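This report concerns only the one structure given below.
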Amino acid sequence: MAKPHVLLTGPMMPLIEDGLAKHYVVHKLHEAHDRSQLITKIAPDVTAIATGGHTGVKCDEGFMAQFPRLKCVGNFGVGYDSIDSKAAAKRGVIVTNTPDVLTEEVADTTLGLLIMTVREFGKAEQYLRAGLWAKDGDYRLTPASLRDRRVGIVGMGRIGQAIAKRIEAFGMPISYFSRTPKKELSYKYYGNLLDMARDVDTLVVITPGGAETKNMINAEVLKALGSRGILINVARGTVVDEPALIAALKNKTIQAAGLDVFWNEPNVDPEFLKLDNVVLLPHVGSASECTRQMMGQLVVDNLAACAEGKTPPTPVPETPFKGW
Ligand code: 8YV
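To convert, count from 1 in the sequence shown and add 51; that's my numbering.
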């Protein structure tokens with residue numbers, strides 16, 4: 052039987068490309084001289100798309116509509132805000148993502164970023180490397196410490212809970228803001244983000260991206276967080292109003308921020324680079340070899356199931372699998 056066709060919207064790790072090639076004829080949008088020409092040529096045959104936020108391609112209604120036989124869109128990543136999953140549901144297209152396999156890695160990164168931001172380890176290392184320790188003496192005592200902080204977590208899904216577990220072990224009181232309270236959790240719940248921001252001094256953002264959370268962390272929230280405030284964002288750049296954050300860091304409305312995600316990745320607003328009270332990471336939340344391998348394998352498993360008429364392991368809630 053002839054193989055079905057899959058379209059890759061951007062470069063994928065070899066494990067994904069090789070894995071998919073066993074089940075599909077593979078087309079690479081990013082290697083096409085003329086993208087629309089390639090799409091016109093392959094559109095009637097494409098039944099699957101492999102994509103990810105890093106490809107910069109939005110799998111919106113119009114993009115998916117170009118492929119009349121499309122059955123499945125496999126996302127590399129747990130966050131699938133670059134795919135219009137509601138439009139996919141209307142078309143009967145299954146969207147899959149890569150949950151669970153990256154939970155602990157992203158939670159580790161979050162704590163690393165929090166500690167770096169609070170205790171200035173990045174700057175302290177630069178100080179040593181620049182020969183300033185021997186020349187000028189000890190690196191400064193950090194104005195901030197984890198010892199006296201109260202943490203508010205924005206988003207209490209799987210990764211939020213893994214972060215909370217770690218923060219608990221550090222002995223810091225935890226509260227959280229989410230749409231609905233989770234009965235099984237003993238942390239203090241807030242249904243109002245501003246109220247929580249007022250009551251804590253450290254906000255950790257790990258909520259899905261997309262229209263619903265766009266600019267959720269705005270000037271008002273930053274003001275409520277206050278002058279001892281520290282903001283950590285490992286969710287999506289879009290969740291934070293970047294100009295408002297830059298202003299808050301400049302004016303010392305808050306103390307510092309640690310960011311792994313940005314509005315216009317991989318381009319970071321140059322204003323951030325001028326500030327010394329922000330730690331900047333290049334979206335490395337899940338970026339270890341072992342975790343990325345597991346994510347890649349899950350993309351292959353989901354799309355292979357689509358090719359073979361089997362049950363995909365991890366469809367997203369908006370497109371529950373009910374048979375092909
Ligand atoms: C990936 C992520 O780096 O899982 C996610 O949602 O943001 C990261 O793990 C990203 O998806 C790569 O495209």
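Beta carbons are placed, not taken as given, at the ideal position from N, Cα and C, and that holds for glycine.
Note that the structure is a prediction, hence the values are computed from the model and not measured.
Any non-hydrogen atom of ligand 1 within 7 Å of residue i CB
i	result
L296	no
G288	no
H84	no
V350	no
G130	yes
S339	no
H334	yes
F313	no
G163	no
H105	yes
F118	no
L331	no
L153	yes
F127	yes
Selection from the options that minimises the alpha carbon distance to residue i
i	options	result
V76	L273, C110, A53, D189	A53
G130	A72, G336, N302	G336
M167	Q88, L354, F127, V330	V330
N318	T304, T253, E293, C341	E293
L245	K239, A262, R217, L276	L276
L300	E316, L183, S278	S278
G360	F118, A338, W375	W375
I268	A139, A295, M63	A295
E155	D85, P363, K216, Y178	K216
Residue interval of the alpha helix (DSSP H) (run including residue i)
i	result
S87	86 to 93
C341	340 to 359
V255	Where V255 is concerned, there is no enclosing alpha helix (DSSP H), although the beta strand (DSSP E) it sits in stretches over 253 to 256.
K141	136 to 142
K274	270 to 276
K79	Counting along the chain, K79 falls outside any alpha helix (DSSP H), though it belongs to the beta strand (DSSP E) covering 76 to 79.
V169	154 to 170
F323	321 to 324
A213	209 to 220
L331	Looking at the DSSP string, L331 is not in any alpha helix (DSSP H); the run it does join, the beta strand (DSSP E), is 329 to 331.
L244	244 to 250
Check whether residue i and residue j have beta carbons under 8 Å apart
i	j	result
F313	G288	yes
K286	G163	Reading the sequence as shown, one finds Ala at residue 286 and not Lys. No, these two residues do not count as a Cβ contact at 8 Å.
V255	I283	yes
A248	G208	no
V157	S196	no
Y227	G211	yes
N148	V367	yes
L37	I93	With the chain represented from 52 up to 375, any question about residue 37 goes unanswered, as that position is not in the structure.
L354	V152	no
V146	T342	no
T106	D311	no
S133	T98	no
L7	T253	Since the first residue of the chain shown is 52 and the last is 375, residue 7 is not available in this structure.
I100	L121	yes
G70	G104	no
P150	P119	no
V108	G61	yes
I297	D327	no
I214	I257	yes
L165	G309	yes
M115	A139	yes
A358	H78	no
R200	M223	yes
T193	E171	yes
G347	M64	yes
Run of the beta strand (DSSP E) containing residue i, from where it starts to where it stops
i	result
G309	307 to 310
L296	Where L296 is concerned, there is no enclosing beta strand (DSSP E), although the alpha helix (DSSP H) it sits in stretches over 293 to 301.
T147	145 to 147
E282	For clarity, residue 282 is Leu in the given sequence; the question names Glu instead. First-last of the beta strand (DSSP E) with L282: 281 to 284.
A181	Element bounds for A181: n/a, residue is neither H nor E.
F228	225 to 228
A72	Where A72 is concerned, there is no enclosing beta strand (DSSP E), although the alpha helix (DSSP H) it sits in stretches over 65 to 72.
A101	97 to 102
G113	No beta strand (DSSP E) holds G113; the alpha helix (DSSP H) holding it covers 112 to 116.
H56	56 to 59
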